[in-house]
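To start, the structure under review is shown below, and the notes come after it.
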Amino acid sequence: MTMDSTVSSRLYEHALRIIPGGVNSPVRACRSVGRDPLFIRRAKGSKIYDADGREYLDFVGSWGPMVLGHADDRVVAAIKDAAGNGTSFGAPTELEVNMAQTIVDAVPSVEMVRMVNSGTEATMSAIRLARGYTGRDLVVKFDGCYHGHADGLLVKAGSGLATFGIPGSPGVPEDVCKNTLSLPYNNPEAFETCMQQTGERIAAVIVEPVAANMGVVPPVDGFLETLRRKTHEMGALLIFDEVITGFRIGLGGAQEYFGIRPDLTCLGKIIGGGLPVGAFGGREEIMRRMAPEGDIYQAGTLSGNPLAMAAGLATLNALMETGAYEALERNSARFWNGMKECVKEAGIPAVVNSMGSMGTLFFTGDPVTDFAGATRCDAERFAHYYSLMLDRGVYLAPSAFEAAFISMVHSEADLESALDAVRDSLERLS
Ligand code: PMP
């Protein structure tokens, strides 16, 4: 850790004394890339500015939500307008009805939806609902997928193909983890075997339909289809965690793109336009089991918060403008292809995985299709690359296992200059 005289370093020093690790979410501390965190003062469009006034081209996008870019005028106006009318009532509002209708109209499998305050709350609530609905306890997840930090989802895979989870953190009881099975991502055979053996005890199978928390790893042909078929056969619910993919891979998320209808869907990030939000929804018959209509309890003082609904609706309305996604996809495809060219030119063993406007450069020569593959990448080389990119004014997620996000306001010039930085950085690594 280097302590210099920048505003960021002074703030960090102060923060370290009163906030664990100096941050409110661990990855922000930048430990895996050996840097001190930059404290951010503001952001606008595709640019982010640190507390020392330095400008960076932002590919973090607040880890996904900022698909319109930062401080979009429409979103800012909606938040100001809502704030003037009161920031929280703990009572129903028209805004949340509009939000629910927008989600139901856009996301193919969602017939009813409930708002919560984070992605973690969304997955936690969806799992409770699935357990209550099926009367079963076991949950299947996949190695390398992240679904927030609730006990039962914060588990590590043990050894072997189909394993009961072991706690991913002190404080997570083994008793809870014994209800979570962890399987390799993109391995339909392992899944079929597990369902054959345990299917009748499984309440839910939760998956990131495009994994984005081990770096971006798209599903192989047949993987999601197998999940759908086998869960249906065994009476387990299929939960798509679209906290990242929702409204990023098109309006209908990954489920629309791949043409697969999960029973329940978790959303977050984009639907809050940068304010704290999550949602879970799905088939009406299942959702009607939620209290007060049904017997499965879940609640939240700030759920459906008017500021968050206003920011989210302004974002979703902007996304519904025709052509919005087409332009994003076109620019993104050009960028990922450009990155592949840079890798080739540098002659470095690295692969680029991407899906629409999200992607990851993995420093490994082999294709990355699962967590084991992702962890084979050279994390030290990534740390070096991260620093070289930062020095060239490009702000990336400070971990080898994250996605880079492109927004609708990343201009062609922005992306060209980012590619120049990639080319230059990779050259220095080779
Ligand atoms: N699910 C997925 C797929 C996520 O990527 C995340 C967070 N990155 C979560 C759930 C948890 O969301 P939150 O951080 O809002 O609790």
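Here the sequence shown stands for residues 202 to 631, numbered as in our numbering.
Positions of the beta carbon are idealized from the N, C-alpha and C atoms, including for glycine.
Since we're looking at a predicted model, the values are computed, not measured.
- Query: If you follow the beta strand (DSSP E) that Leu439 is part of, which residue opens it and which one closes it?
  - Reply: Per DSSP, Leu439 belongs to the beta strand (DSSP E) from 438-442.
- Message: Our contact map puts Gly270 next to Ser247 with C-beta atoms below 8 Å; I'd like the distance itself, whole angstroms only.
- Response: Going by Cβ atoms, the distance from Gly270 to Ser247 rounds to 6 Å, so yes, they are a contact pair.
- Item | Pairwise C-alpha distance: Val308 and Glu457 | C-alpha separation (whole angstroms): 7 Å.
- Under 9 Å, do Lys342 and Leu296 count as touching if we go by C-beta distance? In this structure, Lys342 sits away from Leu296, with a CB-CB distance that is not shorter than 9 Å.
- Met202 versus Arg629: straight-line alpha-carbon distance, rounded: Confidence is the limiting factor: at Met202 the pLDDT is only 48, short of 50, which leaves the residue's position unreliable, though a coordinate-based value still follows. Per the coordinates, the alpha-carbon of Met202 lies some 23 Å from the alpha-carbon of Arg629.
- For Thr502 and Ala551, the rounded distance between their alpha carbons: Approximately 46 Å, taken between the alpha carbons.
- Helix, strand or coil: how does DSSP classify Arg577 here? Three-state result, Arg577: coil.
- Query: Quick one, which of Tyr587, Leu382, Tyr386, Ala351 has its alpha-carbon nearest Gly372's?
  - Reply: Scanning Tyr587, Leu382, Tyr386, Ala351 for the CA closest to the CA of Gly372 turns up Ala351.
- Look at Thr576 and Phe602 and say whether their C-beta atoms are less than 9 Å apart. Contact flag set, yes.
- Between Ser170 and Ile607, is the Cβ-Cβ spacing less than 9 Å? Absent from the model: residue 170. The displayed extent of the chain is 202 to 631, so no value can be given.
- Task: Return the chain-ordered ranges of every beta strand (DSSP E) run that is complete within the stretch 214-271 and spans a minimum of 3 residues.
- Result: Correct list: 241-245, 248-251, 256-259.
- 6 Å CB neighbourhood of Pro389 in its chain, flanking five on each side removed: Counting only Cβ-Cβ distances below 6 Å, and skipping sequence neighbours, we find Gly423, Phe424, Thr427.
- Item | Cβ contact (3+ pairs, closer than 8 Å) linking the stretch 414-421 and the stretch 520-531 | Contact annotation: the stretch 414-421 does not touch the stretch 520-531, with fewer than three C-beta pairs closer than 8 Å.
- Query: Rounded to a whole number of angstroms, what is the C-alpha to C-alpha distance between Asp237 and Ser226?
  - Reply: Whole-angstrom Cα-Cα distance: 14 Å.
- Query: Phe240 and Ser209: beta carbons closer than 9 Å?
  - Reply: Between Phe240 and Ser209, the C-beta spacing is below 9 Å.
- Query: Hey, Gly482 and Val311: beta-carbon distance below 9 Å or not?
  - Reply: Taking a C-beta distance under 9 Å as the contact criterion, Gly482 and Val311 qualify as a contact pair.
- Assigned secondary structure, Pro368 (DSSP; H/G/I helix, E/B strand, else coil): Of the three classes helix, strand and coil, the one that applies to Pro368 here is strand, per DSSP.
- Query: Do you know whose CA, among Ser600, Thr570, Met590, lies nearest Glu581's CA?
  - Reply: Comparing C-alpha distances from Glu581 to each of Ser600, Thr570, Met590 shows the shortest one belongs to Ser600.
- Could you give the distance in angstroms between the alpha-carbon of Met325 and the alpha-carbon of Asn286? The straight-line gap separating the alpha-carbon atoms of Met325 and Asn286 is approximately 31 Å.
- Message: If you follow the alpha helix (DSSP H) that Arg449 is in, where does it begin and where does it stop?
- Response: No alpha helix (DSSP H) holds Arg449; DSSP gives it neither H nor E.
- Item | Supposed close pair Leu508, Leu476 - CB separation, criterion 8 Å | Cβ-Cβ separation between Leu508 and Leu476: approximately 6 Å, consistent with a contact (criterion under 8 Å).
- Beta-carbon proximity list for Ala547, same chain, < 8 Å, skipping 5 on both sides: A distance below 8 Å between beta-carbons, with the five flanking residues on each side excluded, links Ala547 to the following residues of its chain, in chain order: Arg624, Leu627, Glu628, Leu630, Ser631.
- Which class does Ala601 belong to by DSSP, given the choice of helix, strand or coil? Residue state, collapsed to three classes: coil.
- Task: Compare the C-alpha of Ala617 against each of Leu258, Leu591, Val298 and name the closest.
- Result: Contrary to the premise, residue 617 reads as Glu rather than Ala in this sequence. Glu617 has its Cα closest to that of Leu258, out of Leu258, Leu591, Val298.
- Query: Sorted by chain position, which residues of the same chain lie with C-beta nearer than 6 Å to His611's C-beta, five sequence neighbours on each side aside?
  - Reply: Closer than 6 Å at Cβ, skipping near neighbours: Ser247.
- Task: Find out if the Cβ-Cβ distance for the pair Asn299, Met556 is shorter than 9 Å.
- Result: Taking 9 Å as the Cβ cut-off, Asn299 and Met556 do not qualify as a contacting pair.
- Item | Contact test: Ala413 Cβ vs ligand 1 heavy atom, cutoff 8 Å | Checking every heavy atom of ligand 1 against the Cβ of Ala413, one is found closer than 8 Å.
- Query: In whole angstroms, what separates the C-alpha of Thr394 from that of Val569?
  - Reply: So the two alpha carbons sit approximately 23 Å from each other.
- Message: If I measure Cβ to Cβ from Ala331 and keep anything under 7 Å in the same chain, skipping five residues before and after, which residues do I get?
- Response: Same-chain partners within the cutoff: Ala404, Ala405, Leu438, Ile440, Leu465.
- Task: Mark Gly254 as exposed unless 16 or more other C-beta atoms lie within 10 angstroms of its C-beta, in which case mark it buried.
- Result: With a 10 Å radius around the Cβ and a threshold of 16 neighbouring Cβ atoms, Gly254 comes out exposed.
- Length-filtered (4 minimum) alpha helix (DSSP H) runs lying within the stretch 500-535: Those alpha helix (DSSP H) runs which fall completely within the stretch 500-535 and span 4+ residues are 507-520.
- Query: What residues are listed by DSSP as bridge partners for Gly482?
  - Reply: Gly482 is bridged to Val314, Thr466.
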